[in-house]
Amino acid sequence: MANRGSAQRPNSQTQAKICQYKLVLLGESAVGKSSLVLRFVKGQFHEYQESTIGAAFLTQTVCLSDTTVKFEIWDTAGQERYHSLAPMYYRGAQAAIIVYDITNMDSFGRAKIWVKELQRQASPNIVIALAGNKADLANSRAVEADEAQAYADENGLLFKETSAKTAKNVNDIFIEIAEKLPKNEQVSGAGASTQGRRLVESEGSQKAAGNCCK
1 MANRGSAQRP
11 NSQTQAKICQ
21 YKLVLLGESA
31 VGKSSLVLRF
41 VKGQFHEYQE
51 STIGAAFLTQ
61 TVCLSDTTVK
71 FEIWDTAGQE
81 RYHSLAPMYY
91 RGAQAAIIVY
101 DITNMDSFGR
111 AKIWVKELQR
121 QASPNIVIAL
131 AGNKADLANS
141 RAVEADEAQA
151 YADENGLLFK
161 ETSAKTAKNV
171 NDIFIEIAEK
181 LPKNEQVSGA
191 GASTQGRRLV
201 ESEGSQKAAG
211 NCCK
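Counting in full-length UniProt numbering, the sequence shown runs from 1 upward without gaps.
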């Protein structure tokens, strides 16, 4: 049985399909959205991350067994003054990660508001994942994992507790999204943009088993 998210080198008869998707990150300020993206794309973590202004754009590629998935990632600002800009970034997105801080109950409540907004205004088939970030601070948690899992199950969301600091579940949440997305957004060409480095090239990243392209 092949590993989840594993890549198989295509032979001369079968070329892996390349699919491209827009993914947006939403959540309160300081929950670690930018740190999650930095860990996923570059395998890095900075203890002090400056707040995002407006939104930041990055790309990264995930290789499944028969499909290469290229994510175009929009990391949005969490400050309230930028909320009105959010629809511009999640409009047309095929996937979203809504991030909260497991040590901050208010951020979990705000995440629920984002879920309702996406369910009401985003694409009807959008894949939504809920990320309880800062899992490395579990001793100070305010939101229980069981509570978040139950909420995710009730609303049809993917759910992981993540840590951008230790890399816990960071790759996994993107891989699960890649696996759930419909593979009909094929793009031409033999490879995706190199602006975002493939997981196998991300120095210092904690790679999921077999999750790489060659």
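Glycine included, every Cβ here is placed at the ideal spot set by N, Cα and C. Every value quoted in this text rests on a predicted model; they were computed, and no experiment measured them.
- Positions of the alpha helix (DSSP H) runs, each at least 4 residues long and wholly inside the region 61-101, are given as 86-90 in order along the chain.
- Residue pairing for Asn133: DSSP places it in a beta bridge opposite Asp101.
- In this structure, Val31 and Gln60 do not form a Cβ contact; the two beta carbons are roughly 20 angstroms apart against a cut-off of 8 angstroms.
- In this structure, Val99 keeps its C-beta atom at 7 angstroms or more from the C-beta atom of Ala178.
- Using a Cβ distance threshold of 7 angstroms, Leu85 and Ile73 do not count as a contacting pair.
- Just measuring C-alpha positions, the residue of Leu26, Tyr90, Gln119 sitting nearest Asn133 is Leu26.
- If you ignore the 5 residues before and after Glu161, its C-beta comes within less than 7 angstroms of the C-beta of Ile102, Gly132, Ala135, Ala145, Asn169, all in its own chain and listed in chain order.
- Sequence-distant partners of Ser107 (beyond 5 residues in either direction) whose C-beta falls short of 6 angstroms from its own C-beta, in its chain, are Glu28, Val31, Tyr100, Asp101.
- Rounded to the nearest whole angstrom, the C-alpha separation of Ala93 and Trp114 is 14 angstroms.
- Thr67 is a Cβ neighbour of Lys17, given a cutoff of 7 angstroms.
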